[in-house]
Amino acid sequence: MLDTKLLRTQLEAVAERLKTRGFELDVEQIQQLEAERKKRQVEMQELQALRNSRSKAIGQAKAKGEDIQPILDEVADLKEKLEAAKAAEEAVQSELEAIYASIPNLPHESVPVGSSEEDNVEIRRWGTPPEFDFEVKDHVDLAEARGWYDNEAAVKIASSRFAVMKGPMARLQRALIQLMLDTHTQTHGYEEVYVPYLVNQDSLRGTGQLPKFEADLYKIAKHEEHDTNDRDLYLIPTAEVPVTNLVRGEILDESALPLKMTAHTPCFRSEAGSYGRDTKGLIRQHQFEKVEMVQVVHPDTSYEVLEQLTGHAEAILQKLELPYRVMNLCTGDIGFSAAKTYDLEVWLPGQNAYREISSCSNFEDFQARRLQARFRSGEGKPQLVHTLNGSGLAVGRTLVAILENYQNADGTVTVPEALRSYMGGVEVL
RNA sequence: GGAGACGUGGCCGAGAGGCUGAAGGCGCUCCCCUGCUAAGGGAGUAUGGGGUUUGUAGCUCCAUCGAGGGUUCGAAUCCCUCCGUCUCCGCCA
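Numbering (our numbering), first residue to last: 447 to 875.
Pasting the structure below:
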């Protein structure tokens, strides 16, 4: 959520910047509602003040043994008036809140202006795509040929876009998770955390998945359908949700910053609206593994930290010697809550293309405001923190990248050096 | 899953319809006293929002005693629902 003060005082400028990401803000409507809000709120509060003072007077009169009937007569219709004023105020307020909750974050000035992924700017490349003197297979053909990947079985026990993996491939995925977690904890200074895979609505609101993106989430109905669903839980679409929500409602001591956390979790996405894209293989699944990095930092440092965090994700690709490039997402392509995002795209020989494998974002105080995640420095007022996160990395896609980049003519796969200790020393699968 | 107890500020803990945004204690901050240490005295110490102000400060109003509803002129206090914690029993990895 954006700062309401900013929305009140610099609405035009905000609308102007939001335009760069293709978002049209109805300035006039907001101004109207704000004026209405102000009026209603003052009305309501004045009535409340009157009620409070009269009620107090009744108490005092009673204590002195005086007749309270005159005061009671005076406030006879106050209750009804107050209720009406309250209802009016709440109506405007919730209308405004709904609008504010749907406004995306303002892009940082270093974000290139553009309308689609075509306009993303390549920052750097690392590594060279390997050359093969045989016809390369994609990860599906390769893994199916070895009996490692069984799409039919997944469809049978669940549905399409789920995976069944066996033997060395399943183990390779586990090895990747271990490598990533060990690297982030041992050399990048993150604390490993274990978190719930089901979360409540407050958590999803805190990180911005709700109210706008409910359709992308799997919901677990806890009660009968006719029951209220406030307490329904959702499968996490990313570890970002439970991990970032650890600081929801907290006032941290400045010395506790930065908070650096990493977690491996499965992620669940219903991917409504993406049918027809990446239907084959592991690229786009309803369930996939991811190692996530989350940082909660002092506002002054967040852009510096974004560079570091991106570097931490890159370090994994470098360890695995997978060629990749770093993209600065343009205003039209960054996510709802992000002020700036770098995507890491890994080279996939099977597709002859770079594909997203990590997304590293600075949310500034956009998430923190809704989370009410703050810190206090000295005597000062609590101040909102900045939050960041990045995949480090999407494990399923890393698995794809390894199979495809390390494939051999005979259908075997060489194990990257960095993974061998996690694979019992095996060099070739 | 069953039965009971409970949920108050940074922490402990009183309060049982009005003078309570909340006694007292601990902690913390500042000031005074003190040769050092120890001790003592005083003051302060929640969060969000609105109005006023170009903005800050200030002033002022509103809200918040697990959450949400209700009763009442008035609720931390009474009633209901939910969430959570503890104890005992049951079950389970």
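In this text, a Cβ means the ideal position worked out from N, Cα and C, and glycines have one as well.
Predicted, not measured: the structure shown is a model, and the values here were computed from it.
Cutoff 7 Å; reference residue i; Cβ partners in own chain excluding five residues on either side
i	result
T858	V874 and L875
A604	none
E791	Y770, R771, M773, Y800, R801, E802 and I803
Q397	There is simply no residue 397 to check, as the chain begins at 447 and stops at 875 in what is shown.
M447	Y546, A547, F812, R815 and R816
V538	L479, E482, R483 and R486
E512	none
Given residue i as reference, the closest of the options once Cα atoms are compared
i	options	result
Q515	G871, L528, R500 and E526	R500
R570	T631, G757 and D699	G757
T450	T629, V846, R815 and G842	R815
F782	Q813, L705 and L763	Q813
L849	E750, Q741, D789 and R617	R617
V601	R592, V846, A591 and T725	T725
W572	S867, L775, D856 and A761	A761
C806	E492, G826 and G838	G838
P683	E512, Q494, N646 and N498	N646
Q731	P712, L528 and A533	P712
R607	R715, T629, A481 and L479	R715
A661	N498, E564, L763 and E717	E717
G395	Y788, L703, H744 and F659	It is not possible to answer for residue 395, since the shown part of the chain is limited to 447 through 875.
L755	H744, Y788 and T777	Y788
Rounded straight-line distance, which links the Cα of residue j to that of residue i
i	j	result
D678	L830	29 Å
Q733	A544	30 Å
G836	R483	38 Å
G871	P862	11 Å
F809	A621	31 Å
Q475	L453	12 Å
R771	Q797	15 Å
D648	P576	46 Å
A599	V586	14 Å
A531	E489	7 Å
E526	T455	34 Å
V641	L865	26 Å
R486	D523	18 Å
E753	T747	10 Å
Y680	F578	44 Å
L542	E492	21 Å
T466	P558	9 Å
M869	N851	18 Å
L845	F580	21 Å
S540	A534	10 Å
Q655	S561	22 Å
K765	E480	53 Å
S867	L625	9 Å
Y643	A685	8 Å
Own chain, CB closer than 6 Å to residue i, minus 5 neighbours either side, in chain order
i	result
I504	I514 and I517
V521	R500
R463	L552
Identified DSSP bridge partners for residue i
i	result
Q741	K706 and L834
D888	This structure does not reach residue 888, given that the chain is present from 447 up to 875, and the question cannot be answered.
A481	Partner(s): none; A481 has no beta bridge.
W572	Y770
D628	Looking at the DSSP assignment, D628 forms no beta bridge with any residue, so it has no partner.
V645	Y680
Counted within 10 angstroms of its Cβ, other Cβ atoms place residue i as buried (16 or more) or exposed
i	result
D673	For D673, the pLDDT reaches just 45, beneath the cut-off of 50, and the residue's location in the model is therefore unreliable, although a value from the coordinates is still provided. Looking at its Cβ environment, which holds fewer than 16 other Cβ atoms inside 10 Å, D673 is exposed.
P657	exposed
N691	buried
F821	buried
V689	buried
I729	buried
D779	buried
N566	buried
A855	exposed
I697	exposed
E670	Residue confidence is low: E670 scores 48 on pLDDT, short of 50, so the model does not pin down where it sits. Its coordinate-derived value is still stated next. So E670 ends up on the exposed side.
Contact set for residue i: own chain, Cβ-Cβ below 8 Å, skip 5 residues either direction
i	result
V473	L457, E458 and A461
R694	D648, S649, G652, L817, Q818 and A819
L627	E638, T708, H710 and V737
H554	Y749, A785, K786, N808 and E810
G593	K612 and G613
A591	K583 and G857
Q619	M611, E735, V841, G842 and L845
I623	H710, E735, V737 and V841
P828	I697, R820, F821 and R822
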